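First residue of the sequence shown: -18, per the numbering used here; consecutive thereafter. Glycine is no exception: its CB is placed at the ideal position from the N, C-alpha and C atoms. Predicted model only: the values in this text are computed from it and were never measured.
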Amino acid sequence: RVKEIYLNGKQFRAPPIWDKKYIDTYLEKAKAKQGEGNGKGYIYDDYGKFTNDLRDSLQKNVNMTDKSVLVIGTQLPWVEAICLHLGASHVTTLEYGSIVTNHSQITTMTPSEFRHQYNKDKSKLLFDVVVSFSSIEHSGLGRYGDALNPWGDILGTARARCVTKLGGYLALAVPTGQDTIHFNLHRLYGKNRYPLLAANWKQVDGDAKALDNNPHSHQQPTFIFQNVPP
């Protein structure tokens, strides 16, 4: 199904600044259990319980201690904070727009910077873990100034595998329900398209019931995959 919901998400804004103090506010939220502190204890309120589910799924399935992590797509550093909380040694963030940070354990890159570094020395861009939350579903729809490509999301997870070490992991969270493209907002993934995202990855964790083809469903469950030999 295709529905038109057009948004102009140009990246011609001033780069956001992620200083250590700002990142530490999310780090404290990542440390707290759901229900602790003010409100409902979500790491990031806009996505609610699914942010805590991402942390818990990573903690359950992936040893993050001293690991290098690539975060694909982000505007606020709550995913990065989860990774640091779980013991990651360094996090590289890949985002369409430039982000400025002075945190010693975080590096930010745009796609053009990433491609340049990969072509120069791809051995420096191999990661133990790749994490993407609410990002891949936008790829190829042009919302953020990216080139139109109907397979942009599938290419995204395939490229993620190319920079994941053998035995490494992908933590992926995208909107699930009935397979639909809300152009140019995002895609919803059901039983038809989600398997294409996971092609060549071995599923480690995740509930297939989330892919229930319910047109009214709005979930963002975390699935964990591993990069294993073919």
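Hey, out of the options, whose CA is closest to residue i's CA?
i, options, result
"L107", "Y175, D5, D37, V72", "V72"
"V110", "L151, N83, H84", "L151"
"F31", "P210, I205, Q200", "Q200"
"Y3", "H163, L35, L67, W59", "W59"
"L192", "N208, I53, T161", "T161"
"A141", "K48, K21, D5, L75", "L75"
"I(-2)", "T138, E61, I80", "I80"
"E118", "N83, S93, F164, T82", "F164"
"Q56", "K48, K103, S116, S49", "S116"
"T82", "A154, Q207, E61", "E61"
"L178", "L153, N100, H66", "L153"
"Q86", "K103, V52, F114", "V52"
"G54", "A189, S113, C143", "S113"
"V50", "Q40, S70, K41", "S70"
Excluding the five sequence neighbours on either side, which residues of its own chain have a C-beta within less than 8 angstroms of the C-beta of residue i, listed in chain order?
i, result
"Q98", "M90, K105, L106"
"N194", "G158, Q159, D160, G171, K172"
"G123", "L129, N165"
"P156", "S115, E118, H167, R168, L169, Y170, H199, Q200, Q201"
"Y28", "F114, S115, Q201"
"R36", "A11, I24, I63, H66, L67"
"L136", "S120, G121, N130"
Run the CB neighbour count on residue i, radius 10 Å, all protein chains shown included, and call it buried at 16 or more, exposed below.
i, result
"P211", "exposed"
"V43", "buried"
"C64", "buried"
"G68", "exposed"
"G126", "exposed"
"A11", "buried"
"D102", "exposed"
"K48", "buried"
"T138", "buried"
"R134", "First, the residue type needs correcting, since residue 134 is Asp and not Arg in the sequence shown. With 16 or more Cβ atoms within 10 Å of its Cβ, D134 is classed as buried."
Taking only beta-carbon atoms, is residue i less than 9 angstroms away from chain C?
i, result
"L51", "The structure shown contains no chain C; it holds only a single protein chain."
Measure the beta-carbon distance from residue i to residue j and round it to whole angstroms, keeping in mind my assumption that it falls under 8 angstroms.
i, j, result
"S217", "I205", "Because the chain is modelled from -18 through 211, residue 217 falls outside the range shown and cannot be assessed."
"D26", "T203", "The pair is not a contact, with the Cβ atoms about 18 angstroms apart (cut-off 8 angstroms)."
"G221", "P(-4)", "Residue 221 is absent from the structure shown; the chain starts at -18 and stops at 211."
"H66", "L129", "That pair is no contact at about 37 angstroms."
Below 6 angstroms CB to CB, which residues in the same chain sit around residue i once its five sequence neighbours on both sides are set aside?
i, result
"V209", "K183"
"A13", "G22"
"D0", "N83"
"F(-7)", "Below a pLDDT of 50, predicted positions are generally treated as unreliable, and F(-7), at 45, falls in that range; no measurement from the model is reported."
"F95", "L75"
"M45", "L67, G68, A69"
"G187", "F204"
Who are the Cβ neighbours of residue i in its own chain at under 7 angstroms, not counting the five residues just before and after it?
i, result
"N131", "Per the sequence shown, the amino acid found at residue 131 is Pro instead of Asn. The residues are G121."
"Q40", "L67"
* Counting Cβ pairs closer than 8 angstroms, one from the region 138 to 150 and one from the region 162 to 174, do we hit at least three? -> no
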